[in-house]
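Following our numbering, the numbering of the sequence shown begins with 53 at its first residue and continues without gaps.
Quick reminder that beta carbons are idealized off the backbone N, C-alpha and C, glycines included.
In this text the structure is predicted, and so the values were computed from the model without any measurement.
So the structure is just underneath, and the comments pick up after that.
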Amino acid sequence: MDSLVSATQVKFELLEKKLRKAVEVFKQAQAEKRALERELERSKAEYKQGSKGSAALEKELQALRREREEVRSRIAKLVEQIELLTKPDSAG
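Structure representation (structure tokens):
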């Protein structure tokens, strides 16, 4: 009878040890999951911020291109006026 109780106790201790190990693995998996979720949220936020920054830069680039065309047009008009004023036949 003692050997049966002893064998049962050994099996129970082995089961208890396996359960503790399973609990540790589960806790570790949960911690890793939480860390990955935080990392994912950070990555999403960075991506969103980058997208906003990219859109703002694109808008600024378009504005600068329009401004450049306006400046070119104004300079071309000024050059035409200067040429008219400096023509030899306009002197007299």
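Helix, strand or coil: which one does DSSP assign to residue i?
i, result
"Lys96", "helix"
"Lys139", "coil"
Measuring only the C-alpha atoms, how far is residue i from residue j?
i, j, result
"Ala83", "Gln114", "47 Å"
"Thr60", "Arg86", "39 Å"
"Leu130", "Ser103", "41 Å"
"Val75", "Glu110", "52 Å"
"Arg117", "Glu89", "42 Å"
"Glu119", "Ala128", "14 Å"
"Gln101", "Leu71", "45 Å"
For the ligand SAH, is there a heavy atom less than 7 Å away from the beta-carbon of residue i?
i, result
"Ser106", "Among the components modelled here there is no ligand, and therefore nothing to report on the ligand SAH."
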